[in-house]
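Residue numbers (the working numbering): 1 to 349.
What follows is a set of notes on a single structure, which appears directly below.
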């Protein structure tokens, strides 16, 4: 319960003001933080001004403009042209133009998140648990860090390091075992497996999909197509279940194992795999109501074994870092492990 209170949706607001003014859109939005929203252009920008009525210490930065730019190249140009002071969600492509002597700053922060490969368990050919296990056992994640160049570390659990319940659980890499699983799935050779495809967000996750394709080709000689699309199209296709495999990411809403394990419950909107397992549901729900820490973690361990090994619904790939590029004028800047950026902690030279 204590960790749940760190989730921003639990932050308190004055009920009398919400009832009087509404709450969801400027200029009626009710906030109690160090900044107020003075302007919101949907899909373009949000403007914040220092809150003169804030109870705490006065923030050092008076005015913040958050630009919403969906095109990576445009956002990158704005930063390197000196039009903005911070570039968030930095990718490997953004770092091509960065050099330590450029006057720009590179900052990395820990992130309670996991990037994974998820399967469509409702439609062939990935409806076959044996085929999913074959793929899981051929994905060697040790080369991802070198391929992505962003400080990532290979993942061996859906629950990331830093959260109670983390336990190495991924299936061990074994080409021989993968080939046996392929036979058990009814395929005498890789040539018998229908062409596979991986859905991903273009740009940031394209190198991840390319790495997965190279591993499946090298290990089992599987043919894999990539479908890397814009974020809106990606979300639409994933929600509709129009994929065989998909590169996805989940970040903790609050620092607890339940924030990760509940996303694959049968009735969860976040479970786009089409996978249903009543035993998994029961274990996760029991764990959520268990007060004894050791019993709770033991139950989550059993549930994660079903998810990653028995049914092989997902394959953890890596734990990402939060990377930001900052202008020389920024002296203090912090993003916490839940990916929260607190404007009141920003300092300028």
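Ideal placement from N, C-alpha and C gives every residue a C-beta, glycine not left out.
From a predicted model like this one, the values you see are computed outputs, not experimental measurements.
Straight-line Cα distance separating residue j from residue i
i	j	result
residue 313	residue 101	45 Å
residue 337	residue 226	31 Å
residue 254	residue 3	6 Å
residue 76	residue 132	37 Å
residue 11	residue 261	23 Å
residue 13	residue 19	11 Å
residue 17	residue 53	14 Å
residue 82	residue 93	18 Å
residue 193	residue 274	21 Å
residue 184	residue 154	28 Å
residue 290	residue 61	44 Å
residue 342	residue 335	7 Å
residue 237	residue 243	7 Å
residue 249	residue 119	13 Å
residue 116	residue 306	16 Å
residue 63	residue 239	37 Å
residue 187	residue 125	11 Å
residue 91	residue 209	14 Å
residue 121	residue 162	29 Å
residue 32	residue 71	32 Å
residue 159	residue 169	10 Å
residue 96	residue 127	40 Å
Collapsed DSSP secondary structure at residue i in the structure displayed
i	result
residue 86	strand
residue 235	helix
residue 316	strand
residue 91	coil
residue 331	strand
residue 357	The structure shown does not extend to residue 357, since the chain is modelled only from 1 through 349, so no value can be given for it.
residue 8	helix
residue 145	helix
residue 248	strand
residue 288	helix
residue 323	strand
residue 152	coil
residue 15	helix
residue 342	coil
residue 283	helix
residue 67	strand
residue 348	strand
residue 119	strand
residue 276	coil
residue 294	helix
Endpoints, alpha helix (DSSP H) assigned at residue i
i	result
residue 136	129-136
residue 219	206-220
residue 354	Nothing in the structure corresponds to residue 354, since the chain is present only between 1 and 349.
residue 112	Residue 112 -> no alpha helix (DSSP H), and no H or E assigned at all.
residue 75	72-80
residue 260	258-261
Residues of its chain near residue i, where Cβ-Cβ distance is below 6 Å and the 5 sequence neighbours each way are ignored
i	result
residue 51	34, 35 and 36
residue 295	none
residue 39	47
residue 171	136, 137 and 309
residue 276	266
residue 78	84
residue 234	201
Integer Cβ distance of residue i from residue j, believed to fall under 8 Å
i	j	result
residue 325	residue 177	42 Å between Cβ atoms; not a contact.
residue 202	residue 181	That belief does not hold up - the Cβ atoms of residue 202 and residue 181 are roughly 31 Å apart, past 8 Å.
residue 283	residue 303	4 Å
residue 109	residue 322	4 Å
residue 207	residue 112	In fact, because the Cβ distance is near 22 Å, the residues do not count as touching under 8 Å.
residue 205	residue 263	Contact doesn't hold; Cβ gap of about 18 Å is too wide.
residue 241	residue 272	6 Å
Nonlocal neighbours in the same chain, by C-beta distance under 8 Å from residue i, ignoring five residues either side
i	result
residue 328	103, 104, 105 and 349
residue 8	340
residue 217	223 and 224
residue 330	85, 86, 105, 346, 347, 348 and 349
Other residues of its chain near residue i: CB distance less than 7 Å, five sequence neighbours each side excluded
i	result
residue 297	164 and 165
residue 259	252 and 253
residue 152	144, 145, 318, 319, 320 and 321
residue 88	324
residue 213	198, 224 and 226
residue 332	345, 346 and 347
residue 21	28 and 30
residue 43	68
residue 350	With the chain represented from 1 up to 349, any question about residue 350 goes unanswered, as that position is not in the structure.
N-terminal and C-terminal residue of the beta strand (DSSP E) that residue i is part of
i	result
residue 225	224-229
residue 39	35-41
residue 197	196-201
residue 48	45-50
residue 337	From DSSP, residue 337 is part of no beta strand (DSSP E); its letter is neither H nor E.
residue 193	Element bounds for residue 193: n/a, residue is neither H nor E.
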